[in-house]
Ligand SMILES: [Zn+2]
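Residue numbers (our numbering): 889 to 1207.
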């Protein structure tokens, strides 16, 4: 079976459904049996499987083995908002490339974003835990106008769960069975850095991606310096590949009034961006800009994931 995504096969016009997540996960584990494990860590309100892929050096496939060998774990969490599928399609392509397979397919038109090959085999020093589709029920509630201010794919999933809960407001109250499963996954694996992959919600501006890292604006002050260093290094990597990245998520001072200016928000722990700092772990909010086309956004998301893998391979052992 192909290890390429529906997105790549369709010139980034479409994104796959949950059957693709299941099939690709199986295919990755079969292609790299000594490097990849695929497992279900929970079920959605409607009973759909919640899938994770673990890619680890030398078969360190348990949390204990990672701990014992001091292998830092990078989590890539995609699809907390399923219409924002960039992280899912970029994540499969980035893992494939990092494992020595083919790089992300080039779109024939529409992207000026480059992609440098990964530096120095990051997967020899770190492990990656990839959740392609956190909100699996929302992932399957597809429609053409679920994300009207977003330039592709043609059909997208829906923001909330089957219980109409926004999972990126549920980290501390944990009402959703999906969040309860995620919190158990985090308890078991304890990732050092979690990249939470999103797309902006509709405001138009020039920068093509925003990166907000915490702890910088909140959390343990002892972590602020290293958080800021990781953010700045990632911004440099993205800029070197042709992006115009912002160092924070641009929220208007007054909602729906862009003339009020943009501000940095220190998120409360019901958001991923506020939650991970309460565990003294780093989080990276990656928000590609919804008005850029899908091929461009997936490429930028790939660059963010590969860049973080390189950075964590360099400094994660010390952390
Ligand atoms: Zn989002």
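Glycine is no exception: its CB is placed at the ideal position from the N, C-alpha and C atoms.
Is any heavy atom of ligand 1 found at a distance shorter than 8 Å from the C-beta of residue 1172?
Residue mapping note: residue 1172 aligns to position 284 of the chain shown, counting from 1. For ligand 1, not one heavy atom lies less than 8 Å from the Cβ of residue 1172.
DSSP beta-bridge partners for residue 963?
Position 75 of the chain shown, counted from the start, is the residue given in the question as residue 963. Answer is 1017, 1082.
Which runs of the alpha helix (DSSP H), 4 residues or longer, sit entirely within the stretch 1001-1083?
The DSSP assignment places complete alpha helix (DSSP H) segments of no fewer than 4 residues inside the stretch 1001-1083 at 1024-1028, 1065-1077, in order along the chain.
Counting C-beta neighbours from all protein chains within 10 Å, is the total for residue 1180 16 or more, i.e. buried, or is it exposed?
Indexing the chain shown from 1 puts residue 1180 at position 292. Residue 1180 counts as buried, since no fewer than 16 other beta carbons sit within 10 angstroms of its beta carbon.
Examine ligand 1 and report whether any of its heavy atoms sits within less than 8 Å of the Cβ of residue 870.
Past the boundaries of the shown model lies residue 870; the chain is included only from 889 to 1207, so the question cannot be answered.
What separation, rounded to the nearest whole angstrom, lies between the Cα atoms of residue 1037 and residue 1031?
Residue numbering aside, residue 1037 sits at position 149 when the chain shown is read from its first letter. Residue numbering aside, residue 1031 sits at position 143 when the chain shown is read from its first letter. Straight across, the Cα-Cα distance linking residue 1037 with residue 1031 is about 13 Å.
Short check: CB of residue 892 to CB of residue 973, under 9 Å?
As a working mapping, residue 892 is identified with position 4 in the chain shown. As a working mapping, residue 973 is identified with position 85 in the chain shown. It is not a contact, given that the beta carbons lie outside the stated cut-off.
Taking the alpha helix (DSSP H) that residue 1166 belongs to, which residues open and close that run?
To locate residue 1166, count along the chain shown from 1; it is residue 278. Start and end: 1160-1166.
Close Cβ partners of residue 1090 (< 7 Å) along its chain, the five nearest in sequence each way excluded:
Within the chain shown, residue 1090 is the residue found at index 202, counting from 1. Closer than 7 Å at Cβ, skipping near neighbours: 1037, 1178.
Are there 16 or more other CB atoms within 10 angstroms of the CB of residue 923, so buried, or fewer, so exposed?
The sequence position of residue 923 within the chain shown is 35, counting from 1. It is buried - the Cβ of residue 923 has at least 16 other Cβ atoms within 10 Å.
Could you have a look at residue 1209 and say whether DSSP puts it in helix, strand or coil?
Because the chain here runs from 889 to 1207, residue 1209 falls outside it and cannot be looked at.
Are there any heavy atoms of ligand 1 lying less than 8 Å away from the beta-carbon of residue 907, as far as the coordinates show?
Residue numbering aside, residue 907 sits at position 19 when the chain shown is read from its first letter. Annotation for residue 907 indicates a beta carbon at 8 Å or more from all heavy atoms of ligand 1.
Closer than 8 Å: residue 964 CB and nearest ligand 1 heavy atom
Here residue 964 is taken as the residue at index 76 of the chain shown, counted from 1. No heavy atom of ligand 1 is found nearer than 8 Å to the CB of residue 964.
Is residue 969 near ligand 1, with its Cβ less than 8 Å from a heavy atom?
In the chain shown, counting from the first residue as 1, residue 969 sits at position 81. Yes; taking the cut-off as 8 Å, the Cβ of residue 969 has a heavy atom of ligand 1 nearer than that.
From the DSSP output, read off the bridge partner residues of residue 1176.
As a first step, residue 1176 must be located in the chain shown, where it is residue number 288. Looking at the DSSP assignment, residue 1176 forms a beta bridge with 1087, 1097.
Could you check what DSSP says for residue 1114 in three-state terms: helix, strand or coil?
Within the chain shown, the letter at position 226 stands for residue 1114. Note: residue 1114 maps to helix in three-state DSSP.
Would the beta-carbon of residue 938 fall within 9 Å of that of residue 947?
Mapped onto the chain shown, residue 938 falls at position 50. Mapped onto the chain shown, residue 947 falls at position 59. In terms of Cβ geometry, residue 938 and residue 947 do not form a close pair [threshold 9 Å].
Who are the near neighbours of residue 1076 in its chain, counting only those whose CB is closer than 7 Å to its CB and skipping five residues on each side?
On the chain shown, position 188 is the one that residue 1076 refers to. So the qualifying residues of the chain are 951.
Would you call the stretch 1157-1177 in contact with the stretch 1093-1113, where contact means no fewer than 3 C-beta pairs closer than 8 Å?
The answer is yes - the stretch 1093-1113 touches the stretch 1157-1177, with three or more Cβ pairs under 8 Å.
Could you give the distance in angstroms between the alpha-carbon of residue 1187 and the alpha-carbon of residue 1142?
Position 299 of the chain shown, counting from 1, holds the residue named residue 1187. Position 254 of the chain shown, counting from 1, holds the residue named residue 1142. A direct Cα-Cα distance of roughly 31 Å separates residue 1187 from residue 1142.
Should residue 1076 be listed as close to ligand 1, given that the test is whether its C-beta is under 8 Å from any heavy atom?
Here residue 1076 refers to the residue found at position 188 when the chain shown is read from its first residue. Distances taken from the Cβ of residue 1076 to the heavy atoms of ligand 1 include none shorter than 8 Å.
Going by DSSP in three states, residue 973 sits in which element: helix, strand or coil?
What you label residue 973 is simply residue 85 of the chain shown in a count that begins at 1. DSSP places residue 973 in coil when its eight states are reduced to three.
Note the first and the last residue of the continuous alpha helix (DSSP H) segment covering residue 916.
Stepping through the chain shown from its first residue, residue 916 is reached at position 28. For residue 916, the enclosing alpha helix (DSSP H) starts and ends at 906-919.
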